[in-house]
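Each residue of the sequence shown is one higher than the one before, counting from 685 in the numbering used here.
Glycine is no exception: its CB is placed at the ideal position from the N, C-alpha and C atoms.
Computed from a predicted model, the values in this text were never measured in an experiment.
Report on one structure; see the data block that follows.
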Amino acid sequence: TVTLRRTFNLAAFAPGTPVRLRLPLPLDQADGNTRIAYTVVEGAAAELKPAPGRLDIRLPVPHGGRACFEAQIAFLARPVLPSPALELGEDERALYLNPGEGFIRVTPRIREMADLLGGDEKEPRAIVRRFWDFLLDRLNVGIVHYDSLDPRRPLDDVLDRGWLDCQLASALLAALCRSRGIPARIAGGYLLYPASPFRHYWAEAWVDRCWVPMDPIASDLWAGSAERAWRDCFFGKLDYRLTTQCLPRYFDSSPSIHFPVRWQVLSSAEGDGVETSYIENDNGALIYRDRLSVVR
């Protein structure tokens, strides 16, 4: 059972202003394995509408300028393995080969790198494996200050510095794949380790009529050891996570919430869960806060 509570600071809006907010929900609900209950903690006039990967929330800004919503999600967790599907249609292939989507930027340097790493290999899985090995062998996964990246060529900056986080690592894997004509995308959601659940991103590549997952967090688990099993534990398979995003089609950001130029993230253990707050740097005001707990 996963409980996610999101609290919004709406003080920047006049009371009564209509806003549209979102609470993340799992994308994979179709198998009947998942039960979800919503609770309006603050914001009694809210209109709730479930959608793939999110709960859309419309409401007038209440007096006091705060709104809070909670979802309790119960399910039987299973490992995530590639499952054969129909071939991608032309529109889907074009979508997942797009050279300019968010942080996925296929620049001349990225194409050159993809050609160098892939060499004369023709088999898509082997090409993807070479990209995976490059990321684990040559780059470091950690925290990145995004204001230091060139938005026109963020992945070129990553290659210059040799340092990237899970979102940029996933974007790099996707960009390298797209450079070689392999459809790829970024997925996101929450890792569900009860001691410390957290928000996360990973990549998926279309290989052998399957979406094959690759999670760069394996870099932390492997850490240069001789244990190949740790290195490849998240190549082609994943532990279960609460998947709420599959970009660019499905995303869970709240349209009415605008981040300032300067902001920070603070995370801490709170009771049986983890609390993550997004805060304006200049005045210390809360933007929104998530509280996530996982119970087996």
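Spatially closest choice to residue i from the options, by CA coordinates
i: L970; options: V949, E807, F787; result: V949
i: I963; options: F935, V945, P708, G737; result: V945
i: S961; options: T691, V686, G716, R933; result: T691
i: G700; options: L820, R912, H829, A751; result: A751
i: D834; options: D844, V825, G826; result: D844
i: L823; options: F759, Y780, S854; result: S854
i: D831; options: E785, D712, F943; result: F943
Cβ neighbour criterion (16 or more within 10 Å) applied to residue i
i: L765; result: exposed
i: L770; result: exposed
i: A798; result: buried
i: F815; result: buried
i: N717; result: exposed
i: S863; result: buried
i: W895; result: buried
i: R719; result: exposed
i: G846; result: exposed
i: D936; result: buried
i: R912; result: exposed
C-alpha distance - residue i paired with residue j, whole-angstrom precision
i: Y885; j: A902; result: 12 Å
i: P763; j: Y924; result: 5 Å
i: F787; j: Y722; result: 32 Å
i: A858; j: G865; result: 11 Å
i: G873; j: Q756; result: 15 Å
i: S951; j: P710; result: 22 Å
i: L926; j: R738; result: 12 Å
i: V842; j: A695; result: 37 Å
i: P939; j: L707; result: 11 Å
i: G802; j: R793; result: 14 Å
i: R704; j: G749; result: 14 Å
i: G773; j: P783; result: 18 Å
i: D820; j: T928; result: Sequence check: residue 820 is Leu here, not Asp. Cα to Cα, the separation comes out at about 26 Å.
i: G957; j: A758; result: 16 Å
i: N967; j: W947; result: 10 Å
i: Q851; j: V828; result: 10 Å
i: L760; j: D804; result: 43 Å
Pair within 9 Å by beta-carbon distance, residue i and residue j
i: P702; j: R893; result: no
i: R789; j: P838; result: yes
i: R742; j: E726; result: no
i: R975; j: E959; result: yes
i: D899; j: F919; result: yes
i: N922; j: V686; result: Here residue 922 is Leu; the residue named in the question, Asn, does not match the sequence. Cβ distance not < 9 Å, so L922 and V686 don't count as in contact.
i: L860; j: L848; result: no
i: Y780; j: W890; result: yes
i: V978; j: D904; result: no
i: T791; j: D840; result: yes
Anticipated Cβ contact below 8 Å, residue i with residue j, distance rounded
i: E754; j: R813; result: With 8 Å as the limit, E754 and R813 do not qualify as a contact, their Cβ atoms being about 41 Å apart.
i: A871; j: C930; result: 5 Å
i: P878; j: E888; result: About 25 Å separates the two Cβ atoms, so there is no contact after all.
i: A698; j: V745; result: 7 Å
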